[in-house]
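To start, the structure under review is shown below, and the notes come after it.
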Amino acid sequence: MVKIGVLALQGAVREHIRSIEECGVEAVAIKRKEELKEVDGLILPGGESTAMRRLIDKYDFMDALKEFAAEGKPMFGTCAGLILLAKNLVGHEPHIGVMDITVERNSFGRQVDSFEADLAIKDVAQSFPAVFIRAPHIVEAGSEVEILSKHNGRIVAAREGQFLGCSFHPELTDKHDLTAYFVDMVKETKAKQLV
Amino acid sequence: MKTGTDRVKRGMAEMQKGGVIMDVVNAEQARIAEEAGAVAVMALERVPSDIRAAGGVARMADPRIIEEVLNAVSIPVMAKARIGHIVEARVLEAMGVDYIDESEVLTPADEEYHLYKSDFTVPFVCGCRDLGEAARRIGEGASMLRTKGEPGTGNIVEAVRHMRKVNGQVRKVVGMNEDELMTEAKLLGAPFELLLEIKRLGRLPVVNFAAGGVATPADAALMMQLGADGVFVGSGIFKSENPAKFARAIVEATTHYQDYKLIAELSKDLGTPMKGIEISSLAPEARMQDRGW
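Protein chains in written order, with our numbering: chain R, 1 to 195; chain Y, 1001 to 1293.
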């Protein structure tokens, strides 16, 4: 049985926990770095990336998060979480910096430009209701990165091995396919480690 | 592709959960707030305690100040419009403000009607003292709530009263049978469909932040413990001796609201907090929470 954590410093924690539980696995809110040891995968939720970063630094979370990534455990970033995972940010220093992508923040505009759109996501869904809120997008992806979805020519979902990221908020809808896709990544990784 | 949907407007507030929204009056304060870990800033001409002191009619801030703050930070920027002032709200929307507070801190433009907020693409936050008021605002299209508290007093008592009241009434609705809800809707002055939704969800359909009187890190943590989704801090931060330190302390106390040793640590040497006002000493016309209905 796998256990998936949701980084609970700020943002849409409750929604991700519900989504993980809907996929039939246990979810834990992670408020302290020691708690990372208890989980097999981690979701970095939507929220404000600058506020999260401030709290990550304050509680010495950064090394623990990098270590979590170095152990090969799956990580899934949504919106602000995608920003935290990216190796490069346009105009800013990177945060955890583990996924080989370049991300631009607030790249669709301000809140009045926030939108909903149906997306095709490779290996996940033909039509997925994606909620974009002051969303970032992936400007550039490394050669090992698999592009899972684009919206108007912009990359909005991608996977690189153990890392999954998207610009939008799957946790705000009742469709759990993308979370289920991540749950499968976590299960596969754990199964390999047990062999 | 659709903009301005309920999911997009309410979702924006969901992303602010567990965070602190700070009142600022210029770009420099906005940067301090962002640096301290605020999830958003509220751009104002004057903080509530100064509005209270100045008296007269309080209106939407000078667009110059809002523009300055919009350009200074990458976090969302909110701004206040007077209750029922359709044009102030439209002006703020046109400027690209991320969230509008239809606020009793400003002098109401309409004593009978609040804005029909569903008409706007920009989301709104509104104050509430009880579930009836909360439900009426959601019915008009508010995507986020906050307690009214008593702004600019540095006294948490009213925010506590409003948070307990709303959450107690939500629990009552959740525990009621469907056939009792229409009578409850009548008594509360709340839309019936909304009470059905609250019963189904087991909670309000939008986030509810604490506001109006948060003056210390312990106040912020108290409101989180009482079930607030996050905290607005108005006059407290930039009226304190060391705003940056004070702002960081409020952010941390909000995140770790049950870590009392930590709250003790970060409450040390913050300097003198706002003096504060005893609520009973306020004249009836000075009570901002009684504006709107």
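Virtual Cβ for every residue (Gly too), placed ideally from N, Cα, C.
Expected contact under 8 Å - CB spacing of A1043/Y and T1107/Y to nearest Å
Here residue 1043/Y is taken as the residue at index 43 of the second sequence, counted from 1. Here residue 1107/Y is taken as the residue at index 107 of the second sequence, counted from 1. The C-beta distance from A1043/Y to T1107/Y rounds to 18 Å, too long to meet the 8 Å contact threshold.
Interface partners of Y1257/Y on chain R, CB under 8 Å:
In the second sequence, counting from the first residue as 1, residue 1257/Y sits at position 257. What Y1257/Y touches in chain R: nothing, since even the nearest Cβ is about 10 Å away.
Within this structure, are the beta carbons of V131/R and F168/R separated by less than 8 Å?
Within the first sequence, the letter at position 131 stands for residue 131/R. Within the first sequence, the letter at position 168 stands for residue 168/R. Taking 8 Å as the Cβ cut-off, V131/R and F168/R qualify as a contacting pair.
Give the residues of chain R in contact with A1038/Y, contact being defined as C-beta atoms less than 7 Å apart.
Numbered from 1 along the second sequence, position 38 holds the residue referred to as residue 1038/Y. Under the 7 Å cutoff, chain R gives A51.
Taking Cβ positions only, does P1123/Y come closer than 8 Å to chain R?
Against the second sequence, residue 1123/Y aligns to sequence position 123. Yes, P1123/Y counts as interfacial toward chain R.
Does L1017/Y have its Cβ less than 8 Å from a Cβ in chain R?
By one-based count along the second sequence, residue 1017/Y stands at place 17. Sequence inspection shows Lys at residue 1017/Y; the Leu mentioned does not correspond to that position. Chain R has a Cβ within less than 8 Å of the Cβ of K1017/Y.
Any idea if E1252/Y is buried or exposed, counting beta-carbon neighbours within 10 angstroms, 16 or more meaning buried?
The residue you call residue 1252/Y lines up with position 252 of the second sequence. Its Cβ being crowded by 16 or more others within 10 Å, E1252/Y is buried.
Using three-state DSSP, classify T1254/Y as helix, strand or coil.
For the purposes of this step, residue 1254/Y is taken as residue 254 along the second sequence, with counting starting at 1. In the structure shown, T1254/Y falls within a helical segment according to DSSP collapsed to helix, strand and coil.
Is the CB of D1101/Y under 8 Å away from at least one CB in chain R?
Taking the first residue of the second sequence as 1, we reach residue 1101/Y at position 101. Using beta-carbon distances, D1101/Y does not count as an interface residue toward chain R, since no partner is under 8 Å.
Grab me the residues of N1167/Y's own chain with a C-beta within less than 6 Å of its C-beta, minus the 5 sequence neighbours each way, in chain order.
Locating residue 1167/Y in the second sequence gives position 167, counting from the first residue. So the qualifying residues of the chain are G1227.
Could you tell me which chain C residues have their CB closer than 7 Å to the CB of K58/R, listed as they occur along the chain?
In the structure shown, chain C cannot be found, because the protein chains are R and Y.
Check whether the Cβ atoms of A29/R and I4/R sit closer than 8 Å, and answer yes or no.
Residue 29/R sits at position 29 when you count from the first residue of the first sequence. Residue 4/R sits at position 4 when you count from the first residue of the first sequence. The Cβ-Cβ distance between A29/R and I4/R does not fall below 8 Å.
Leaving out the 5 sequence neighbours to the left and right, which residues in its chain are closer than 7 Å to P1048/Y when beta-carbon positions are compared?
The count along the second sequence starts at 1 and reaches residue 1048/Y at position 48. Result list for P1048/Y: V1105, P1151, G1152, G1234 and S1235, in chain order.
Assign F61/R to one of three DSSP states: helix, strand, or coil.
Residue mapping note: residue 61/R aligns to position 61 of the first sequence, counting from 1. F61/R: helix per DSSP, three-state reduction.
Going along chain Y in order, which residues have a C-beta closer than 7 Å to the C-beta of G77/R?
Here residue 77/R refers to the residue found at position 77 when the first sequence is read from its first residue. Within chain Y, no residue comes near G77/R; the closest Cβ sits about 14 Å away, beyond 7 Å.
Using a cut-off of 8 Å between C-beta atoms, extract the partners of R1161/Y located in chain R.
Walking along the second sequence from the start, residue 1161/Y turns up at place 161. Under the 8 Å cutoff, chain R gives no residues; its nearest Cβ is about 25 Å from R1161/Y.
Own chain residues within Cβ distance below 8 Å of F68/R, not counting five before or after:
Residue mapping note: residue 68/R aligns to position 68 of the first sequence, counting from 1. L36, L42 and M75, listed in sequence order.
Does the distance from the C-beta atom of K1002/Y to that of S1143/Y stay below 8 Å?
Numbered from its first residue, the second sequence carries residue 1002/Y at position 2. Numbered from its first residue, the second sequence carries residue 1143/Y at position 143. No; because the gap between Cβ atoms is not below 8 Å, this pair is not in contact.
For the pair the region 1212-1223 of chain Y and the region 1180-1193 of chain Y, tell me if three or more CB-CB distances fall below 8 Å.
Not touching, per the Cβ criterion.
Within the 8 Å Cβ cut-off, does F61/R reach chain Y?
Taking the first sequence and counting its residues from 1, one reaches residue 61/R at position 61. Interface criterion not met: the Cβ of F61/R is under 8 Å from no Cβ in chain Y.
Opposite N1208/Y in the DSSP bridges: which residues?
Residue mapping note: residue 1208/Y aligns to position 208 of the second sequence, counting from 1. Partner residues in the beta bridge of N1208/Y, as assigned by DSSP, are L1145/Y.
8 Å Cβ shell around A1109/Y - same chain, five flanking residues per side excluded:
To locate residue 1109/Y, count along the second sequence from 1; it is residue 109. Hits under 8 Å: R1082, I1083, G1084, H1085 and E1088.
Counting only the same chain and skipping the five closest in sequence on each side, list residues whose C-beta sits under 7 Å from that of P197/R.
Absent from the structure is residue 197/R, since the part of chain R shown begins at 1 and ends at 195.
Taking 6 Å as the limit between beta carbons, can you name the residues of its chain near G142/R, skipping five residues before and five after?
Residue mapping note: residue 142/R aligns to position 142 of the first sequence, counting from 1. Hits under 6 Å: D100.
According to DSSP, L164/R sits in a beta bridge with which residue or residues?
The sequence position of residue 164/R within the first sequence is 164, counting from 1. For L164/R, which the question treats as bridged, DSSP gives the partners F76/R and R159/R.
On the DSSP bridge list, what partners appear for D1179/Y?
Position 179 of the second sequence, counted from the start, is the residue given in the question as residue 1179/Y. Its beta-bridge partners do not exist; DSSP assigns none.
Does chain R have any CB closer than 8 Å to the CB of G1011/Y?
The sequence position of residue 1011/Y within the second sequence is 11, counting from 1. Taking Cβ atoms only, chain R reaches closer than 8 Å to G1011/Y, which makes this a yes.
May I ask you to verify whether the region 1256-1271 of chain Y touches the region 1066-1079 of chain Y, counting CB pairs closer than 8 Å and requiring at least 3?
Cβ pair count under 8 Å is below three, so no.
Identity of the residue in F1238/Y, K1245/Y, H1256/Y and Q1029/Y nearest M1223/Y by Cα:
Counted from its first residue, the second sequence places residue 1223/Y at position 223. Considering only alpha carbons, the answer is H1256/Y.
Closest Cα partner of S107/R within the set A125/R, D63/R, K187/R and I138/R
In the first sequence, counting from the first residue as 1, residue 107/R sits at position 107. For S107/R, the closest C-alpha among the options A125/R, D63/R, K187/R and I138/R is that of I138/R.
Tell me the DSSP secondary structure of Y1260/Y in three-state form.
Translated into the one-based positions of the second sequence, residue 1260/Y becomes position 260. Three-state DSSP puts Y1260/Y in a helix.
For G165/R and G1019/Y, I'd like the C-alpha separation in whole angstroms.
As a working mapping, residue 165/R is identified with position 165 in the first sequence. As a working mapping, residue 1019/Y is identified with position 19 in the second sequence. Roughly 23 Å separates the two Cα atoms.
Can you tell me whether P170/R is buried or exposed, with buried defined as 16 or more other CB within 10 angstroms of its CB?
In the first sequence, counting from the first residue as 1, residue 170/R sits at position 170. Buried, because 16 or more other Cβ atoms sit within 10 Å of the Cβ of P170/R.
Thinking C-alpha only, which one of L194/R, F115/R and L65/R is nearest N152/R?
As a first step, residue 152/R must be located in the first sequence, where it is residue number 152. It is F115/R whose Cα lies nearest to the Cα of N152/R.
Give the secondary structure of V1174/Y by DSSP, where H, G and I count as helix, E and B as strand, and everything else as coil.
Taking the first residue of the second sequence as 1, we reach residue 1174/Y at position 174. Correct three-state label for V1174/Y: helix.
With a 10 Å radius around its C-beta and 16 neighbouring C-beta atoms as the bar for buried, classify Y1116/Y as buried or exposed.
Locating residue 1116/Y in the second sequence gives position 116, counting from the first residue. Classification of Y1116/Y: exposed, given that the 10 Å Cβ count is below 16.
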